[in-house]
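**Q** I am attaching a structure below and will ask some questions about it afterwards.
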Amino acid sequence: MGMPMGFTLPVLRPDLDPLRPDQAPARARHEGRLIDSHGRQIRDVRLSITDRCNFRCVYCMEPEDRFLPKMELLDLDEYLRLVDILVDLGIRTLRLTGGEPTLYPRLDELIEGVGGRDLDDIAMTTNGSLLDRSRLERWLDDGLRRLTFSLDTLREDRMKTITRSRTTVSHVLESIELARSAGFPRPKVNAVIIRGINDDEVGDFAELARIMDLDVRFIEFMPLDSNRAWNRDHVVDADEMIAAIRARFELRDDPNAPAHSTSTNWTFADGAAGRIGMIAPVSRPFCGACNRLRVTAEGRIRPCLFSHEEWDVRSLLRGDEDDRAIGDAIVDMVWTKQAGHGIDQADFTQPERTMSAIGG
Ligand code: SAM
Ligand code: SF4
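Now the structure itself:
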């Protein structure tokens with residue numbers, strides 16, 4: 002296995018200081034913008050709408066993990082108010098996630114609500130276990146534009162071991178087809194590849210992309226598992242995955258990849274359907290181009306997946322503050338966004354929160 006490439010934290014704006022929120026937020030407030038102390042403008046929000054899940058994926062959650070009491074989670078009105086404030090601050094794209102977002106009891110109303118806001122894109126990530134056609138059609142009508150499915154194996158025996166659920170591979174593949182037939186554009190499939198678990202399936206996933214005309218995104222295993230079992234030896238890096246695909250299919254760079262895409266993308270040189278992407282935060286950190294903010298299901302803002310600090314917006318939403326004051330507080334929170342995640346630094350420590358709690 003190729004070792005992850007060396008990584009140094011980028012200093013994007015050495016003249017600005019994350020510990021001095023007085024330096025720029027005033028300007029940002031006047032312009033209604035979210036910028037951090039490294040000069041990055043925040044346009045994209047990942048909103049976790051539940052910490053609950055019906056799977057217990059080995060790289061994410063443990064069977065004994067417990068969920069927060071419902072009162073701790075934001076309610077529908079709080080989510081919608083927060084989205085309004087964020088849109089006023091310049092957020093253009095939104096991804097609903099979790100936990101498993103389809104377990105959120107008021108998901109239909111939430112999608113209807115955010116669908117009416119001034120956003121360029123609304124997407125959702127799901128494990129694909131709980132979808133039905135009428136809901137998919139309703140969500141599409143209400144403004145949900147894209148769906149990403151998580152699927153880490155094409156082998157039924159492994160599905161049970163990885164997800165610790167009863168959902169089958171064929172059920173998820175049927176859900177993907179259902180989404181397409183309901184009118185969603187080419188679905189994305191996220192596959193987290195882990196050494197010794199599913200690293201022999203990379204080529205098979207590329208074949209699936211061709212057969213089903215999918216965007217398959219291979220994700221490097223990140224230190225966000227609740228079991229804290231992550232170590233570098235488990236990481237299959239993007240170079241190794243690409244080599245495995247190239248052993249079977251010739252690839253060419255995808256010229257249509259968006260600037261802030263977290264993945265490097267390819268199409269098939271023989272013109273076959275489907276696309277391939279690598280999300281490689283461990284071996285190819287993309288922090289310099291990060292335009293993203295995360296909100297946990299209980300209303301805490303995390304400027305970075307790997308932040309050790311998070312800011313409590315729920316208490317502001319439940320207090321006397323007006324939208325303007327909450328927006329100003331969010332401007333200050335964003336200012337502190339760290340330059341990079343630093344997974345490759347000697348002093349890196351895994352955040353306490355797991356991917357399921359943060360919202361992937
Ligand atoms: N439950 C939904 C799902 O699985 O699609 C949405 C939430 S899940 C936390 C979002 C994404 O995070 C999934 O694609 C999952 O594979 C990914 N993920 C979770 N833990 C991860 C880890 N330790 N490393 C890399 N990706 C991870
Ligand atoms: Fe649940 Fe998604 Fe985490 Fe799997 S990755 S346990 S489906 S939240």
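Positions in the sequence shown are counted from 1; adding 1 to them yields this note's numbering.
Beta carbons: idealized from backbone N, C-alpha and C, even for Gly.
(1) Can you tell which of Thr164, Asp329, Asp348 has its C-alpha closest to the C-alpha of Ile86?
(2) Excluding the 5 residues flanking Asp153 on each side, which residues of the same chain have their C-beta closer than 6 Å to its C-beta?
(3) Classify Ile195 as buried or exposed, calling it buried when 16 or more other Cβ atoms lie within 10 Å of its own Cβ.
(4) Closest by CA to Leu120, which one among Pro102, Val84, Leu132?
(5) Would you list the residues whose beta-carbon is nearer than 7 Å to any heavy atom of the ligand SF4, in the order they occur in the chain?
(6) How many angstroms separate the CA atom of Gly100 from the CA atom of Arg247?
(7) Kindly give me the distance between the Cβ atoms of Val217 and Val283, rounded to whole angstroms, as I take these residues to be in contact under 8 Å.
(8) Cα-Cα, which of Asp348, Arg107, Thr355, Gly204 is closest to Phe250?
(9) When you compare only the Cα positions, how much space is there between Ala358 and Phe349?
(10) Report all residues from its chain with a CB closer than 7 Å to the CB of Asp78; omit the five preceding and five following residues, and keep chain order.
(11) Quick check on the DSSP output: the alpha helix (DSSP H) that includes Glu221 runs from which residue to which?
(12) With three or more beta-carbon pairs closer than 8 Å as the criterion, would you say the region 291-302 touches the region 310-327?
(13) Identify, in the order they occur along the chain, each residue of the same chain with its Cβ nearer than 6 Å to the Cβ of Thr265, setting aside the five sequence neighbours on each side.
(14) If I follow the unbroken beta strand (DSSP E) through Phe150, where does it start and stop?
(15) As an exercise, report each continuous alpha helix (DSSP H) stretch of at least 4 residues that is fully enclosed by the region 303-342, in chain order.
(16) Between which residues of its own chain and Ser171 is the CB-CB distance below 8 Å, once the five residues before and five after are set aside?
(17) Measure the Cβ-Cβ separation of Val115 and Gly144 and say whether it is below 8 Å.
**A** This is what the structure holds:
(1) Asp329
(2) Ile163, Ala192, Val193, Asn199
(3) The residue is buried, with at least 16 neighbouring Cβ atoms inside 10 Å.
(4) Val84
(5) Cys54, Phe56, Arg57, Cys58, Cys61, Met62, Gly99, Gly100, Glu101, Asn128, Ser151, Thr164, Met356, Ser357, Gly361
(6) 34 Å
(7) The Cβ separation is near 19 Å, so there is no contact.
(8) Gly204
(9) 20 Å
(10) none
(11) Per DSSP, Glu221 belongs to no alpha helix (DSSP H); it is in the beta strand (DSSP E), 216-221.
(12) yes
(13) Met279
(14) Boundaries of the beta strand (DSSP E) around Phe150: 147-151.
(15) 315-318, 324-336
(16) Glu157
(17) yes
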